[in-house]
Amino acid sequence: MENRVCSLFNIKYPIVSGGMVWCSGWRLASAVSKCGGLGLLGAGSMHPDNLRYHIRMCRENLGELPFGVNVPLLYPEMELLMKILIEEKVKIVFTSAGSPKKWTPYLKEHGIVVCHVVSSALFAEKCEKAGVDAVVAEGFEAGGHNGREETTTLCLVPKVREATSLPLLAAGGIALKCQIKAVEALGAEGVQIGTRFALSQESSAHRMFKEHCTSLGEGGTRLLLKKISPTRLAYGSRFTETVEKMEAEGADREEMMQYLGKGRAKRGIFEGDINEGEIEIGQACSLVNSIESVEQIMKSLI
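If you count by my numbering, then the sequence shown holds residues 635 to 936, one letter each, in order.
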C-alpha cells in the first residue's frame, strides 16, 4: 500500500503500534516492524540506559527495517533522552504529552522524522507551525492519558483533517480492520493502535494485566483522574473503583495525588497487580478477547 504515511516512515502498511508505557519494549516494536508496520518503543517508562538497550535490540533484530521511539515531552530527563536518540541515530520520533515547539527543530536538525499526538484541531495547527512531519489525532477512547477535550475519534479526525495538510494518523478505539476503513473515510492516512498491541503476546505487560483486560466487556473502562491528568482506566481494580468514589465525593487534586502515589502504572501493567495497580487500557479492550501474536493481529488488520 502506498500513501503519505507509508512513504514518510518507509513502511509497507500504514499501521503504527503505540509507544505505551510498560508495554512497548523491543520485542513488540520489532514484531510490528517485521510485519510491515511501524513499531514504537515507549520511552516514558524507561530509564535512559534501558532505552538505549531497547533501541539497540530493535536494531539488532530489525537490521534496516524502520522503528521509532515515543517520547512523552514531560519526561524528567529530557536533555539526556534527546542525547541518546541522537547518539543512537534513531530515525523516527513520536512526541506526546506536551508542546512540540521546543524539541521538534532540534530533532529535525539531526534528520529525525517527527510525529506528534494531538487531542484537538487547534493543537494540530500548532504542530504544523512547529514543523512536525505528521500528526496523530487521538480520541478519548484511547487508554492511558487523554486530552481534556474528551473528543471521540470519529469527531476528532475530520476536524484535524480540516485544520492541517500534514499526513494524518487516527488513534483511539481502533482495533479492527473495519475501524481502519472508517477513519480512512474521514481523512486519516494511517492508524496508531495501542490497546490491541498492548494485549499481544509480544507486549512486555504482565500476563495478569492482559488476561484482565481481555475479559472486560463493553463499558469496562472509565476516564478518571481528571483533576490530575485525564486517564482511561479498567474496571475491576480496587484502585480504579476507589478513584471513582473519591472523585464522586469531591476529593481535591492534592488528595488525589496523595492516593495516586508513585509507581501505580508499573504496578498494574508491568507487575500485574490488578487490585492496587493502575490498569491503563482503552475502550477497544472490549473488542479483544484473546492474547494473540503480533503476526496474527497484523494479518487480521491487513
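Every residue, glycine too, gets a C-beta built ideally from N, C-alpha and C.
Starting from histidine 750, follow the beta strand (DSSP E) in both directions and report where the run begins and ends.
That run of the beta strand (DSSP E) goes 747-752.
Taking just the CA atoms, how far does arginine 866 sit from glycine 653?
C-alpha separation (whole angstroms): 16 Å.
Who are the Cβ neighbours of leucine 820 in its own chain at under 8 Å, not counting the five residues just before and after it?
If we look at leucine 820 and ignore the five residues flanking it on each side, its Cβ neighbours are Leu788, Val791, Pro792, Arg795, Ala804.
Quick check on the DSSP output: the beta strand (DSSP E) that includes asparagine 704 runs from which residue to which?
Per DSSP, asparagine 704 belongs to the beta strand (DSSP E) from 701-706.
Between the Cα of valine 825 and those of Gly911, Pro648, Cys847, Ser754, spot the shortest distance and give me the residue it belongs to.
Nearest C-alpha to valine 825: Pro648.
So, helix, strand or coil for histidine 779, using DSSP?
Residue state, collapsed to three classes: strand.
Apart from the five residues just before and just after leucine 850, which ones in its own chain have a Cβ nearer than 8 Å to its Cβ?
Closer than 8 Å at the Cβ level, and outside the excluded window around leucine 850, lie Ala868, Tyr869, Gly870, Ile915, Cys919, Ser920.
Using DSSP bridges, identify the partner residues of threonine 729.
Answer is Val705, His750.
Looking only at C-alpha atoms, which of Asn637, Met716, Gln917 sits nearest to glutamate 852?
Selected option, being the one with the closest Cα: Gln917.
For my contact list, valine 748 and valine 766 are in at a C-beta cut-off of 8 Å; report their separation, rounded to the angstrom.
About 5 Å separates the two Cβ atoms, so the contact holds.
Whole angstroms is fine: what's the gap from glutamate 883's alpha carbon to lysine 861's?
Spanning the two alpha carbons is a distance of roughly 13 Å.
Assuming serine 939 is part of the alpha helix (DSSP H), what are its boundary residues?
The structure shown does not extend to residue 939, since the chain is modelled only from 635 through 936, so no value can be given for it.
So valine 655 packs on glycine 671, CB below 8 Å; how close in whole Å?
The Cβ separation is near 20 Å, so there is no contact.
On a CA-only basis, which of Ser754, Ser651, Ser733, His846 is nearest valine 703? Give me that one, please.
Minimum Cα distance to valine 703 is reached at Ser651.
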